[in-house]
Amino acid sequence: MAAKYSPGDEVQSISDPSRIGTIVQVCEIHAGIQWYRVSFGAAGRPKVAEVDLRPYVRAASPEENLRVGNLGGYKEFQRLITLTRLLRHQPLQNQIYAFNASRTRFYPFQFKPLLKFLDSHQHRLLLADEVGLGKTIEAGLILTELKARQDLKRVLVVCPANLTRNKWQPELERRFTAEFSVLNTTQFLEFLEKYEKSPEKVMLSGIISLESLRTDRVLNRLQELEPDFDLVIVDEAHHLRNFGTKTRQAGVILSRCAHAMLFLTATPIHLGNENMFSLLNILDEEEFPDLYTVDLRLRHNEPIVKAQICMGRIPPQVEEACQLLEQASRSVFVKDNPLLPEVVDKLEKAKLAHDNDQQLRRLMVEAQRDLAELNLLAHIFTRTRKRDVKENVARRQAVAIPVVLDDLEKEFYEAVTDYVRELSWQRHEAPIIQQWLLHMPQRRMASCIPAMVNYYKKEMAFASEDRAEDDYVEEGQDEGADLLLDFLNSARQRLQKLIAAWPSEGPDTKYREFIKILKKLRKEGPCKVIVFSFFKDTLKYLRERLTRDGFGCTLITGDEPPIAMRTEAITRFEKDPRLEVLLSSRVGTEGLDLQFCHTLFNYDLPWNPMEVEQRIGRLDRIGQQSPIIRIFNFWVEGTIEQRMLQRLYDRIKIFERSIGELEMILGEKVRQLEWELLSKRLTPEQEEEKIELTARVIENRLAELERLEGEAAKFLGADLYFDEEVEKIRQRRRYVTGRQIQRFLEDFLRLQCPRSRLAYDQGKERGELQPDEALQAFISKAGVAREIPHFFGREPRTIPITFDSQVSFEDPKIEFIHLLHPLIQAIANYYDEDQHSRIPCNAHHLVLATGLLPPGTYLYYIYKLNVLAARQRHLLEMVVLDEGLNLASFAEEAEILLGEMVEKGQEPKSLRLELAPAWADIAFNQANTLLHQRIDQIKKEVGLTNDAFLDLRLTSIRTFYQKKITRLQELLARGEETGKKEPYLRMRRSEIARRERELKNAEDSLEKYRQVQVEYDGVAAGILEVMPQ
Amino acid sequence: MLKQLWDKMWGKPKGIQETRRVIPIQVGLDFGTSCTKIAYSEIGGRLFRAVVFNHQLPHVPAFALPSVLAIDEKGELLVGIQAARFLCQKSWLEGLQRLKMVVAGKYDSAYREANTDAVFYDYLERHGKDPDFYSPERLTAIFLAYAMRQARNAVEQAPEYRNRQLDLTFNICMPIDHLQNNQVKSVFEQIFAWAWAIEKNSPRNIETAEVLEISETTRNLAIYQPENPETRVFAIPEAVAETASYLISLERIPGLHAVIDFGAGTTDVSIFNLRGHFGFKNEELQQFWYAARNIPWGMVHIERLVAAHLGSTRSSEGICSSQEVADCLARCQNHSGANLTSTAALQGAIKRKLAEFHGSAGYRSTWGKAYGHLNRLTAWEKVQVFVGGGGAQAPYVSQVFSEPVWSNLRTSYRVSLLPEPADYDAVGGKVPFQRMAVAYGLAIPLPQIGVHVLPEDCPNHTPAPLPIREIPHHEELYDT
């Protein structure tokens, strides 16, 4: 038997077509088969059987490869499709990049704002979700998606000062691997300086506080320069609502500078109220110029919203929806919309399609999509309420624990009260200050008497040494003062005596009650509770006592552990069964999620109701697994807390429901009440009256808000369509899954860096990657080494990895490898640089067990379509033909099939199929004919809205640039008037010219798309063997 | 239009055609002491598949072919599944079992186990069979021919190969160890060739009466000739086959490894060093076997213990069925670590038994032999241990094998299962890779199985001692 190949021949492996090599040695004949040693470059020099080799012939197009039988398998198919989806310079329209690309739990509703944002023409969105639904995450998802689709040069996050380092910076880093720096006024001004010098080069990922932003220096400079931002996110955007304030002015300027803008606020939008208008006006001044227009839009939107609701019902109320649409069509905002006749047509068809469920369903989905597009506010406004979310929302259950102090504790309470009162009178302060001086020790005692005893032990010892009383007695004081001093001394002596005699195991009624409940909880099952206290001394005391009583504790306060270690401490508490109690101050757990726990103790109650809400809010978040959150509250009889707070909090049901929406008024009302109670000496009846009055005001406000919320739903829209859309993304796998990324990486390593080590446990979704020298060199060459420095080291490093967002959410330290990971992007770019030689196989043979097609053998052709229109988009379209060359699957059905092929495909069990060349040509022609039909259909669909969208986009761009140009012209004119130097004037003129040029270019490039065109390119083709499921 | 033309000219289109005339298939036959596992791959294909037998034997997994023969009431020889079915409700020591050990023990005392031999010959004697004719070699050859036929049938019946012309090549593992020059190797090679000849010359189904005849006629014709292109049966050391999956995976790391195939009758302990500078030098990793031993000790010892335990709860020992033993072991496995009074005593006994094996001369000498190739104790602080085989999941196995044999090494080895390769088709998850690792390796054609150096040829890898810098004597430096 003569060897078919000789040394030097270029060959391709049939079983793994990505391996192209050269014969280096003709080896033995084993079991009747000739073997060769083949050099595959980095992949080594293995022995290969003659039957596994074919002469390597370069074939460019998929159909040509299919024709000559140059077929790969499932592995090659998946690599090619994954690559097509990973390439960011041509983002696919039917794909969401932010799916599985952040360290977050998956909640479908959190993708709604992203979908709206992608659909909107002016890229502006008011995100008004209820508290606890994860607005930060939603904004992060939008940021991730934009990062995937374009190069973001400058992104600015604006938020209140307390959220810069405590929330936004860690959240963006932890969840979205986005490094943002917190900028103070000086640093932001420095950025503006740099921007002025070279606007194109300056990059920014910054967070600035509203307080820093509204300083005159920053505002003036911003106004002067109007730098371009790719994205601006404003958290707690309701701070911008008041006209005439500097904060609002900052918002307006930023809106002028931003290509995309997001406002985040949980505050309910008051319909017809100035607040909503104010925010919308900042976002889009053209569309929402005045209150009247906003009111009008809302009113005209009502029938559309109702029609959306009708279509979302089961079964859909088509008849009613038609009538509402008829009503909507009379609106000036709707009547000229080219989509209107389309929707009407679809609804008419839907009426007739009762007995054909599949067709009805398709029409319903399409009609809902069109209605969402007709909605006059949906493109700029989104709101999700907890009740709209399908995830289980936990119920709050409050348990009041009355504590009656024993005699010794009561005596101590009174002694301290007397002493502090005498002390405050000595100071001759204003009554409010005196009340405060008295109030704080009382609160501390209500929190924890032993901690207070300890405090006074130290305080008294210190005071006696330093003769502290001298501080309060000035020379030459009168006799009255002496008398007061006597009272103070006697009160002090009483307290000192009491402290000196305080037993080492003194009474602690509150703790006794606490430990009783803890032990009971422990008996019920694994115990994990969170104890909040306002005072650090109380927390430290509790830690000591609980440890002594055999309860493992973790303490988190503002002081310890350091901020960077807090997440770790929380994780340890979550995972370690020995740690049962988390002791925390408010500052300690700010911004941290404690959903894994469902029992909370308010060891003492804060006087700010929002703080109570924040404490509960740590547990009552999306992701809470327990249906009930238990909240234990201690009330010490006879204290001011019990008199005032318990009554007020019980009235407004603070423990039972979320009062996030009351933030704006609640703090103010309670502060007012506190003032009233402390600054005046009131009788118990008067106290009661004041409390009652405050409670009533808050209740009325709540009722008003609920009414407005109902109204909002009526006017703003139900967004049912988007929920379906998210589900569709999941079903059709319009995203790159973790498994696909894993295989993509494995494939690359096997071929290019085979000495790298990758071990991955599918069940646990955890693994290890040990990069070899070749991988490190590749990373360096790709220019991403700075982003993943931990991949380097003198010794081989083992990096714990995951491809799953859920695992990465639970373990913040694990390397999360997703589609935007620098390594994956580098690999994608590597393949993309020279696709023909690096991915030589674009025709495949794969097997799929599915119910989508009858079992049999099929041919498929996958094309990438580039729709050149106002909304330019790239699509993957697949045509599937059966053996008789009849159309088997197309358009949406084919999209589902493609999703399954990528995710669930299998290698063929035998490589025995090939096409008759002439037949392959006919099949290809047939597929092309069908593709052209599909292209015509897409052209028609896009053409319907293209002009309208183009005009909107043009208006939006013109407005954006005109504002900038006008502003620059003003500056130029002012400069000329004030006699500024020539270089300054020259700079302004050139800037105006540049902006005008940019506008012209933008207009020209958009006008090109007046006529919809579709280009296409073959991506893959092959044989699909369908097996029954 | 074109399609219509095609239809008109050639009738119903048959554009998708099958390519090759003869499909070469590589079959891996993991001939185990109690069970035989089979996997196959198409040469130049993409998948390795396990063969699943629909024998419905309660105590034998569907992917395992019982390595057993029996003689029925009529004196007829039963092979494999039929034999196991016949023996199912009998004492678990009944039947012609543990053929591999009986053959190996006949030629090498290291494999000999008096108990096993006694059971084998006693069975023949009780059934009035001549031990010279019913020799362990012949019975092994018949069983292997039967296993080959089972494999052939399974491949031919696979939908993708139905009505196709196939060319099957068999790789069979043999219990070769670091002695290498023993007679066992050539005996098994000869048996494999004999088995192939029986299989080739047998009609469609191997009938017992005929097969004895065929075995007689082919006995002298069968010669093992691996270099002959017509040969379709090859002998491969078990240790080499077992590590094949690991060596092609992305999980491999250089360094010392121990693969412990804790089988039914024997435990294969092979220790190798994967040499080459991982990741940092562009050279192939090469596998150097320091030691490979097939130790006649396996799950059967644990099973005996279980049988004794079960027997103690009854009137006499040894009468419990295989099914009961398997069930009891499963209970122990599930409750491993739990302090259940019903199994606690048994668990303790199992642990002691395993520790006994760990301290046995056979196990220790294997490590000792390996140490001879790398004579530096600190190098043995880190060894990656893989446990496979039917006993891998038995209670305390991981714990016992994580301990080094050298008591002065205060370390614990990392014990894990062999990595499952991406091209392994587990037949819908029915066949765990851990049980098929050897068969998988055997389904790789011999030329590809990798670069390896067996113990006999393995050089000493002990690093040279650091040179001691000698300071010249004072008088040499200075004139005195």
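Keeping their order, the protein sequence lines are chains G and F.
Heads up: the first sequence runs through residues 8 to 1036, numbered per our numbering.
Heads up: the second sequence runs through residues 211 to 690, numbered per our numbering.
Here a beta-carbon is modelled for each residue, glycine too, at the ideal position from N, C-alpha and C.
Please read all numbers here as calculations on a predicted model, not as lab measurements.
#1: Does DSSP put residue 20/G in a helix, a strand or coil?
#2: Any Cβ of chain G within less than 8 Å of the Cβ of residue 377/F?
#3: Could you pull the start and end residues of the alpha helix (DSSP H) that residue 1011/G belongs to?
#4: In chain order, what residues of the same chain lie with their CB nearer than 8 Å to the CB of residue 260/G, ignoring the 5 residues before and after it?
#5: Would you kindly work out how many angstroms separate the C-alpha atoms of residue 485/F and residue 837/G, rounded to a whole number?
#6: Here's the rule I'm using: 16 or more other beta-carbon atoms within 10 Å means buried, otherwise exposed. How should residue 186/G be labelled?
#7: For the beta strand (DSSP E) containing residue 465/F, name the first residue and the last one.
#8: On the premise that residue 926/G lies in contact with residue 225/F, defined as a C-beta separation below 8 Å, what is that separation, rounded to the nearest angstrom?
#9: So residue 656/F contacts chain G; which residues on that side make the cut at Cβ distance below 7 Å?
#10: Nearest-angstrom Cα distance between residue 379/G and residue 315/G?
#11: Which bits of chain G does residue 680/F rub up against, with CB to CB less than 8 Å?
#12: Measuring alpha carbon to alpha carbon, tell me which residue in 555/G, 493/G, 495/G, 536/G is nearest residue 512/G.
#13: Since residue 43/G sits in a beta bridge, which residues does DSSP pair it with?
#14: Find the residues of chain F that neighbour residue 34/G, judging by a C-beta separation of less than 7 Å, and give them in chain order.
#15: Which of the three DSSP states is assigned to residue 603/G in this structure?
#16: Can you name the start and end residues of the beta strand (DSSP E) that residue 536/G belongs to?
#17: Against residue 439/F, what residues of chain G qualify as contacts under a CB-to-CB distance less than 8 Å, listed in chain order?
#18: Smallest Cα separation from residue 901/G: which of 118/G, 91/G, 860/G?
#19: Would you mind stating whether residue 978/G and residue 996/G have Cβ atoms separated by less than 8 Å?
#20: Could you tell me the alpha carbon to alpha carbon distance between residue 443/F and residue 556/F, rounded to whole angstroms?
#21: Measuring only the C-alpha atoms, how far is residue 272/F from residue 301/F?
#22: Go to residue 325/F, then tell me how far its alpha helix (DSSP H) extends in each direction, as first and last residue.
#23: Compare the beta carbon distance of residue 903/G and residue 885/G with 8 Å and say whether it is the shorter of the two.
#24: Could you check whether the Cβ of residue 601/F sits closer than 7 Å to any heavy atom belonging to the ligand SAH?
#25: Could you compute how far the alpha carbon of residue 32/G sits from the alpha carbon of residue 814/G?
#26: Per DSSP, which residues does residue 62/G bridge with? Please list them.
#27: Looking only at DSSP bridge pairs, what is residue 1034/G linked to?
#28: To the nearest angstrom, how far is it from the Cα of residue 462/F to the Cα of residue 470/F?
#29: Is the distance from the Cβ of residue 212/G to the Cβ of residue 162/G below 8 Å?
#30: Along the beta strand (DSSP E) that carries residue 484/F, what are the first and last residues, could you check?
#31: Using a C-beta cutoff of 8 Å, does residue 911/G count as contacting chain F?
#32: Please confirm if residue 664/F has its CB atom under 8 Å from at least one CB of chain G.
#33: For residue 660/G, does the three-state DSSP call read helix, strand or coil?
#34: For chain G, check one thing: does any of its Cβ atoms lie closer than 8 Å to the Cβ of residue 254/F?
#35: By Cβ distance below 6 Å, which residues in the same chain neighbour residue 630/F in space, the five residues on each side in sequence not counted?
#36: Per DSSP, which residues does residue 258/F bridge with? Please list them.
According to the structure data:
#1: In this structure, residue 20/G counts as strand in the three-state DSSP scheme.
#2: It does: the Cβ of residue 377/F has a partner Cβ on chain G nearer than 8 Å.
#3: Under the DSSP assignment, residue 1011/G falls in the alpha helix (DSSP H) whose first and last residues are 989 to 1014.
#4: Counting only Cβ-Cβ distances below 8 Å, and skipping sequence neighbours, we find 226, 229, 230, 233.
#5: In a straight line, the C-alpha of residue 485/F is about 31 Å away from that of residue 837/G.
#6: With a 10 Å radius around the Cβ and a threshold of 16 neighbouring Cβ atoms, residue 186/G comes out exposed.
#7: Annotation for residue 465/F: the continuous beta strand (DSSP E) segment containing it runs 465 to 472.
#8: The Cβ separation is near 3 Å, so the contact holds.
#9: Near residue 656/F (Cβ distances below 7 Å), the residues of chain G are 37.
#10: Whole-angstrom Cα-Cα distance: 7 Å.
#11: Neighbours of residue 680/F on chain G: none; closest Cβ ~32 Å, over 8 Å.
#12: When only C-alpha atoms are compared, the closest one is 555/G.
#13: Under DSSP, residue 43/G takes part in a beta bridge, and its partners are 33/G, 55/G.
#14: Within chain F, the residues whose beta carbon sits less than 7 Å from that of residue 34/G are 657, listed in sequence order.
#15: Coil at residue 603/G, not helix or strand.
#16: Its beta strand (DSSP E) spans residues 536 to 539.
#17: By Cβ distance, chain G contributes 8, 36, 37, 38, 39.
#18: Taking the Cα of residue 901/G as reference, the smallest distance to any Cα among 118/G, 91/G, 860/G is reached at 860/G.
#19: Contact flag unset, no.
#20: C-alpha separation (whole angstroms): 43 Å.
#21: Going by C-alpha positions, residue 272/F is about 21 Å away from residue 301/F.
#22: For residue 325/F, the enclosing alpha helix (DSSP H) begins and ends at 324 to 336.
#23: Residue 885/G sits away from residue 903/G, with the two beta carbons spaced by 8 Å or more.
#24: You won't find the ligand SAH in this model; it holds no ligand whatsoever.
#25: Across the structure, residue 32/G and residue 814/G are spaced so that their CA atoms are roughly 48 Å apart.
#26: DSSP lists 18/G as the bridge partner or partners of residue 62/G.
#27: Paired residue(s): 856/G.
#28: The alpha-carbon atoms of residue 462/F and residue 470/F are separated by roughly 17 Å.
#29: Taking 8 Å as the Cβ cut-off, residue 212/G and residue 162/G qualify as a contacting pair.
#30: Taken as a continuous stretch (DSSP letters only), the beta strand (DSSP E) holding residue 484/F covers 477 to 485.
#31: It does not; no Cβ of chain F falls within 8 Å.
#32: Taking 8 Å as the CB threshold, residue 664/F stays off the interface with chain G.
#33: In the structure shown, residue 660/G sits in coil (DSSP, three-state: anything other than H, G, I, E or B).
#34: Interface residue, yes.
#35: When the five nearest sequence neighbours on each side are left out, the beta carbons in the same chain lying within less than 6 Å of the beta carbon of residue 630/F are those of 643, in order along the chain.
#36: In the DSSP assignment, the residues bridged to residue 258/F are 251/F, 634/F.
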